[in-house]
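Chains as they are written, first to last, in this note's numbering: chain L, 1 to 366; chain R, 1001 to 1536. Note sheet for the following structure.
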């Protein structure tokens, strides 16, 4: 018997959690002597008030959809992939190598090839910890976390020694050719007579991310592989009884996870920077954990949570710029959102469940 | 005499035993709800000092909740508790102990790598220094062991003791805390018949000393043998309190279920055919390096049920796991004459199923079902590669699976008949019916079935037993593992007893009795084997 209706679980709890997080964020802003109302206005205005702001918000959202889906796939097999950051870095390397390999004639050719490059590199990077966990019992939380550092050092090394333009002072690869340029929202919407800001980085990868979300839904709830992944995640002993190979599922789920992280690089490396730079993911691999948690590992929830974090990223940047609120405080606000939506889930859930039960009882009694 | 709850409420403490002893425990109108579930509803019990009172009821009837209230784990929504005539507030287990209540849980609460003495003293030390308490406990233990046959080596580590001895430590713990009222929750579930008899002698001794004992069980035989009075619970309500001398197992079963129940299994003699399962010199070493099965030989023929009796933990689980394909072993296993792979890649559950082996595992919560999955998802679990469930190479045909699930659940009388409900929302008996529907409807040549009625209500037991016999009558081979001797006796055409990884002997149910099987379960064989497995 369900204690609460489904809509309350899916909508009401996250909503209350976010409001609580914003309330405490407001208190923190108040504590440093700024006006929280002005702050929230600045954030909303900055994130959604112009096509420039919106373009940035959706750009960040795209990143978080990919990493959120990635973490969620692994989590359906109860594998906690902390290594999203490293897998995105490797994905970036894969995308960059593909884009730099030849002088691409058109983006429609470059994009699928880059997607394969990013996904393969990301998946390969996730394969190693997955195999170690499945075969040797090395805990995947530890190994994936360590692999973030290795990825950072490895990509930095490649960048510095092989990809850097000789004589250049900055650690970045050469710019990609014009044929590898992805259509931005400005270019995509112009034919429809919509004038989207030219400088905003949102690009066609956003649509790929939405497609990935749909593919995620099909994979997890419609395919036999998804059934096996979920079975294994729910109960390893039951999976063994049913003849589901734990090694196979661990490795496959992690590789899909790594591939989704790798795919993110078509947005940040190919779509935005158009070259490989050092530390390209900027923490998106970690934000993915919060996004998956908040989105309840469901694609619709993940897209919405990604949008929220996209808003926080872009709105936060505006806040720093216009209100002289330090960057560190933005991180505090993001932390509060993660804490209330993820870690303190039960704090909201328990009283709410009680409330619904009392309501139901009263209804029955009447 | 049978008094219903309501009568009991108006006139509490109707004399239930021809005794005039004062009341040790009196519960008045105890109610407790967990969310929408009413676990206890207006419960009234009175137990006289120096008696053994049984509480019987099916799983989920509310017995454990009631005892948890008495021991301070839960707080009752309403009602009062009187101990020795005085109202007490049992807010936590410390208060329960102070009121003289001791509890022996089904799952022992002992520190495995502490000695008996240390466990007895734990939480009841007299001061900062341990030595005086330990000395006092040692003296008391010696005295108790003389008085009540409660002998345990005080310096032995818990992990080295048998289950029966561990249980004695739990009883000693309660007595050390000066319990006058002892509650035992399903105490015989893990004991051999001989150990259970010993336990009951201890309880008789305690009773003679004026202690009051509450025995929670679902075994009618124990109630009839040791209690003075018995209360029956059904769906959170106390349906009757009767004097044991005035009742019969049939009447108690009817009170538990609410209708007449067939306690015997109705079956014709078996007509065994060709051997389906042949096991030769099977040895299983578990992941800790312990040899669990030590060279077992057995044969199951078409159209017969081979029952494996034994106390839990004597290798039956590992035997089923090897046959089911998720444990490695050495030796030879043939099904329909073809040898099974016991170690390699082809020794998984999928290949076993392809060979016509169906498996109802002992633990349906951890293995047989995925509790968070809907019933329809569970109906294909393990058979999710079957072509009939697929839309194409990747996508499963969920609509068709739901339809098939509905039909199978209907044929197995699963209630509620809603395939979209999560497995955890079904009662134990209905969960087991989902597993059975899945395995039996596959029409296997060999059915492995472990603890088919563990945690299953009496009404469903009847149905499950009928299904097993029906499958046998279709000429299928059935390997039944159960720790319930009654079940083994009722269902099996042949009985093998396992002890410490060995088959101690084989008997025919018609030519043996519980005493003999009990001896075999304890590892003592002094009879001739019925060697039916060697050619009928």
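For glycine and all other residues, C-beta sits at the position ideal for the given N, C-alpha and C.
For residue 8 of chain L, no CB of chain R lies under 7 angstroms from its own CB, so it is not counted at the interface with that chain.
The bridge partners DSSP lists for residue 1300 of chain R are R:1277.
Excluding its 5 nearest sequence neighbours in each direction, residue 1431 of chain R has C-beta neighbours in its own chain below 7 angstroms: 1364, 1369 and 1423, listed in chain order. Under the three-state reduction of DSSP output, residue 1209 of chain R falls in the coil class, being neither helix nor strand. The residue from L:32, L:56, L:39 and L:8 with its alpha-carbon nearest to that of residue 268 of chain L is L:56.
Using beta-carbon distances, residue 1326 of chain R counts as an interface residue toward chain L, with a partner under 7 angstroms. At a cut-off of 4 residues, the continuous stretches assigned as alpha helix (DSSP H) that sit fully inside the stretch 1406 to 1457 of chain R are 1428 to 1440.
For the stretch 227 to 238 of chain L, residues whose beta-carbon sits nearer than 8 angstroms to a beta-carbon of chain R comprise 227, 228, 230, 231, 234, 235, 237 and 238. In the three-state reduction of the DSSP assignment, residue 215 of chain L falls in the helix class.
Contact between residue 1169 of chain R and residue 1181 of chain R does not hold, since the beta-carbon distance rounds to 19 angstroms and is not under 8 angstroms.
Measuring C-alpha to C-alpha distances from residue 1244 of chain R to each of R:1187, R:1088 and R:1055 identifies R:1055 as the nearest. Considering only L:362, L:346, L:341 and L:335, the residue with the shortest C-alpha distance to residue 28 of chain L is L:335. Non-local C-beta neighbours of residue 1239 of chain R in its own chain, meaning closer than 6 angstroms and more than five positions away in sequence, comprise 1232 and 1255, ordered along the chain.
For a Cβ distance threshold of 7 angstroms, residue set 243 of chain L lies close to residue 1350 of chain R, ordered along the chain. In this structure, residue 1156 of chain R and residue 1115 of chain R form a Cβ contact; the two beta carbons are roughly 7 angstroms apart against a cut-off of 8 angstroms.
For residue 1361 of chain R, a Cβ of chain L is located within less than 7 angstroms of the residue's own Cβ.
Beta-bridge partners of residue 1054 of chain R (DSSP): R:1215 and R:1230. Under the Cβ criterion of 7 angstroms, residue 135 of chain L is not counted among the residues facing chain R.
For residue 87 of chain L, the enclosing alpha helix (DSSP H) stretches over residues 84 to 101.
Within chain L, the C-beta atoms nearer than 9 angstroms to that of residue 1369 of chain R come from 235 and 238, in chain order. Separation of residue 58 of chain L and residue 284 of chain L (C-alpha to C-alpha, rounded to the nearest whole angstrom) is 14 angstroms. Within the stretch 1371 to 1389 of chain R, 1371, 1372, 1373, 1377, 1380, 1381, 1382, 1383, 1384, 1385 and 1389 place their CB atoms closer than 9 angstroms to a CB of chain L, listed in sequence order.
The alpha-carbon of residue 76 of chain L is positioned some 15 angstroms away from that of residue 301 of chain L. Closest option to residue 155 of chain L, judged by alpha-carbon separation, among L:133, L:121, L:257 and L:204: L:121.
Within the same chain, Cβ atoms closer than 6 angstroms to the Cβ of residue 148 of chain L are found at 83, 85 and 86, the five residues on either side in sequence being excluded.
In this structure, residue 144 of chain L and residue 129 of chain L form a Cβ contact; the two beta carbons are roughly 5 angstroms apart against a cut-off of 8 angstroms. The beta carbons of residue 316 of chain L and residue 330 of chain L sit about 3 angstroms from each other, so the pair counts as a contact at 8 angstroms. Here residue 1473 of chain R carries a helix assignment [DSSP, helix/strand/coil].
Per the Cβ contact rule, the stretch 1485 to 1495 of chain R is in contact with the stretch 1307 to 1324 of chain R (3 or more Cβ pairs under 8 angstroms).
Residue 1308 of chain R is bridged by DSSP to R:1481 and R:1496. The alpha helix (DSSP H) runs lying completely inside the stretch 1334 to 1391 of chain R and spanning 4 residues or more are 1349 to 1354 and 1375 to 1379, given in chain order.
7 angstroms or more divides the Cβ of residue 1458 of chain R from the Cβ of residue 1480 of chain R. The residue from R:1219, R:1511, R:1393 and R:1208 with its alpha-carbon nearest to that of residue 1250 of chain R is R:1219.
Linking residue 1252 of chain R to residue 1088 of chain R through their CA atoms gives a straight-line distance of about 31 angstroms. Taken in chain order, the complete alpha helix (DSSP H) segments of 4 residues or longer contained in the stretch 1127 to 1213 of chain R are 1131 to 1148, 1163 to 1176 and 1193 to 1208. Rounded to the nearest whole angstrom, the C-alpha separation of residue 1478 of chain R and residue 1394 of chain R is 34 angstroms.
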